[in-house]
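The structure appears below as structure tokens.
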DNA sequence: ACAAAAGTGTTCTCCATACACCCATGG
DNA sequence: CCATGGGTGTATGGAGAACACTTTTGT
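Residue numbers (the working numbering), protein chains in the order written: chain A, 1 to 249; chain B, 250 to 498.
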């Protein structure tokens, strides 16, 4: 489906949506020791934006977010945290929607509901990079990972949304032990440490980090890995959800 | 103004409001060593509810909350934290609105916008109990403090909202040092400790508590207090905002 | 004198940090 | 052998909890 037809259907569907509210998703992934965020680029523009969407009239807020996530990543059962509701009165962007529309030969009506103000609920998601199949929507010509330290300019207030998401992620890292959701099913200690270092933006001492992680009693050691390097093969670990659920609170 | 006229005007004003979104305010106060919450009781019913409201079309989300807070408490410049957005699809309560209306001789139209679903942004506020003048709105015959441990049944999902607010308050207590907002300008160490104990729901050791608080370097000691008891008068302390702003982050 | 408030000292545990060092193993 | 991974030991410092004890001061 092309942009024009997609836009027509999208706007028509407005009457089936819960009014006044949108969602923004900061989807974090981890690859090559870099923390990445999934961004869409609007067709025929250089406008980058976070994935997001709207809530259907008979749909739970979180389900609406999961629907968006599944479409952009191909994944169900994603780790998700709500982190903030953005409610500034300036959150209406008719100009951007107009430019995007006109860049795709669509005449934009400024009375269109999409041009109005939305209060947006921000969620961040943690996904296993290798399982994600980034999938653009009809309005985007790309859906790609971007290093969080080198994001392009973002439309709307999405830069602020990303910053707040990262801040929340950092704060919750130890408390919710959510980092494992960014790794594959099995991973090495070195990989886990690299992930923590990347998220927190600082070096950690290997021995202490390993003691701490193993001390949590939530890791299960599997067999060895690799036969590539000229050295000892690292152990593989797996996050044990059962052990995690026993302890906290 | 009576309920009927108020209701008519309120409903008419719907077109000036941002659609689909409401706000809920958990206003905490501290008195007689009890943590209290401000509740409204709908006129001629036994329905208790949190103060809350809607956002005007050209109004910031947080400003909308402050507008409600000022009307219910008489206070500006209230300490405020957003803690959660409630987005369940079942958040529409036509029956309750109908009963409230009919209890006040208003014929309720189920197509009325107020009967629809709202996504509600939850805020908690911390106020100085003695400065608050609880003020009911046209739909309420009382606006009163209630001990958080003995709340009456609440309408809508407001019980869940209160619980989540208290949880957030507890988590943020040390991090944001927000408890001082629940006390008068000046207070004694004993009062401060009682406040912490009430919020956290556990006893604290006096000596350690005082060392910790004084060690934060954010308290300013004033002159003495009292001449009531047959004993030494306690010091009065004041929260020093300047010292607080220097340290954190 | 008494009672409440305030302060000091000490001990323990737990945790994070830091660093030195050893062992294992695959080529 | 040596590079990498994995592990132990140990010292330090800080926070917090527990408790004993002293000092201050208003009536």
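Here a beta-carbon is modelled for each residue, glycine too, at the ideal position from N, C-alpha and C.
Bridge-paired residues (DSSP) for residue i
{"i": "residue 26 of chain A", "result": "A:124"}
{"i": "residue 395 of chain B", "result": "B:286"}
{"i": "residue 280 of chain B", "result": "B:283"}
{"i": "residue 270 of chain B", "result": "B:368"}
{"i": "residue 101 of chain A", "result": "Partner(s): none; residue 101 of chain A has no beta bridge."}
{"i": "residue 505 of chain B", "result": "Here chain B comprises residues numbered 250 to 498, so residue 505 of chain B is not present and cannot be evaluated."}
{"i": "residue 297 of chain B", "result": "B:290 and B:403"}
{"i": "residue 302 of chain B", "result": "B:272"}
{"i": "residue 140 of chain A", "result": "A:42"}
Closer than 7 Å at the beta carbon, the chain A residues around residue i
{"i": "residue 338 of chain B", "result": "58, 59 and 60"}
Exposed unless 16 or more other CB atoms sit within 10 angstroms - verdict on residue i
{"i": "residue 373 of chain B", "result": "buried"}
{"i": "residue 179 of chain A", "result": "buried"}
{"i": "residue 251 of chain B", "result": "exposed"}
{"i": "residue 242 of chain A", "result": "exposed"}
{"i": "residue 72 of chain A", "result": "buried"}
{"i": "residue 9 of chain A", "result": "exposed"}
{"i": "residue 263 of chain B", "result": "exposed"}
{"i": "residue 414 of chain B", "result": "buried"}
{"i": "residue 371 of chain B", "result": "buried"}
{"i": "residue 43 of chain A", "result": "buried"}
{"i": "residue 401 of chain B", "result": "exposed"}
{"i": "residue 346 of chain B", "result": "buried"}
{"i": "residue 447 of chain B", "result": "buried"}
{"i": "residue 295 of chain B", "result": "exposed"}
{"i": "residue 142 of chain A", "result": "exposed"}
{"i": "residue 215 of chain A", "result": "exposed"}
{"i": "residue 58 of chain A", "result": "exposed"}
{"i": "residue 110 of chain A", "result": "exposed"}
{"i": "residue 117 of chain A", "result": "buried"}
{"i": "residue 95 of chain A", "result": "exposed"}
{"i": "residue 467 of chain B", "result": "buried"}
{"i": "residue 233 of chain A", "result": "exposed"}
{"i": "residue 162 of chain A", "result": "buried"}
{"i": "residue 147 of chain A", "result": "exposed"}
{"i": "residue 201 of chain B", "result": "Residue 201 of chain B falls outside the range modelled here, since chain B spans only 250 to 498, and no answer is possible."}
{"i": "residue 480 of chain B", "result": "exposed"}
{"i": "residue 456 of chain B", "result": "exposed"}
{"i": "residue 24 of chain A", "result": "buried"}
{"i": "residue 100 of chain A", "result": "buried"}
{"i": "residue 249 of chain A", "result": "Here the model assigns residue 249 of chain A a pLDDT of 41, short of 50, so the residue's position is not dependable and the matter cannot be decided."}
{"i": "residue 130 of chain A", "result": "exposed"}
{"i": "residue 174 of chain A", "result": "exposed"}
Within chain B, the residues that residue i reaches when beta carbons sit closer than 8 Å
{"i": "residue 85 of chain A", "result": "310, 331, 334 and 370"}
{"i": "residue 110 of chain A", "result": "Result: empty, since nearest Cβ-Cβ is about 16 Å, beyond 8 Å."}
Integer Cβ distance of residue i from residue j, believed to fall under 8 Å
{"i": "residue 17 of chain A", "j": "residue 137 of chain A", "result": "No, residue 17 of chain A and residue 137 of chain A are not in contact; Cβ-Cβ is about 15 Å, not under 8 Å."}
{"i": "residue 61 of chain A", "j": "residue 313 of chain B", "result": "Rounded, the Cβ-Cβ distance is 19 Å, inconsistent with contact."}
{"i": "residue 132 of chain A", "j": "residue 74 of chain A", "result": "7 Å"}
{"i": "residue 486 of chain B", "j": "residue 435 of chain B", "result": "7 Å"}
{"i": "residue 444 of chain B", "j": "residue 432 of chain B", "result": "6 Å"}
{"i": "residue 66 of chain A", "j": "residue 78 of chain A", "result": "7 Å"}
{"i": "residue 459 of chain B", "j": "residue 354 of chain B", "result": "No, residue 459 of chain B and residue 354 of chain B are not in contact; Cβ-Cβ is about 57 Å, not under 8 Å."}
{"i": "residue 28 of chain A", "j": "residue 35 of chain A", "result": "6 Å"}
{"i": "residue 37 of chain A", "j": "residue 53 of chain A", "result": "In fact, because the Cβ distance is near 17 Å, the residues do not count as touching under 8 Å."}
{"i": "residue 368 of chain B", "j": "residue 26 of chain A", "result": "Residue 368 of chain B to residue 26 of chain A, Cβ: 19 Å. No contact."}
Chain-ordered chain A contacts of residue i [CB-CB under 8 Å]
{"i": "residue 304 of chain B", "result": "87 and 119"}
Beta-carbon neighbours of residue i, restricted to chain B and to distances below 7 Å
{"i": "residue 161 of chain A", "result": "Those within 7 Å of residue 161 of chain A in chain B number zero; the least Cβ separation is about 14 Å."}
{"i": "residue 20 of chain A", "result": "267, 268, 269 and 270"}
Residue i CB to nearest heavy atom of the ligand SAH below 7 Å
{"i": "residue 75 of chain A", "result": "As presented, the structure is devoid of all ligands, the ligand SAH included, so that no description of it is given."}
Check: Whole beta strand (DSSP E) runs in the region 308 to 359 of chain B with 3 or more residues, listed along the chain?
Finding: Listed in chain order, the complete beta strand (DSSP E) runs (minimum 3 residues) inside the region 308 to 359 of chain B are 328 to 335.
Check: Which full runs of the alpha helix (DSSP H) of 4+ residues lie inside the region 416 to 461 of chain B, going along the chain?
Finding: Here the runs fully enclosed are 438 to 449.
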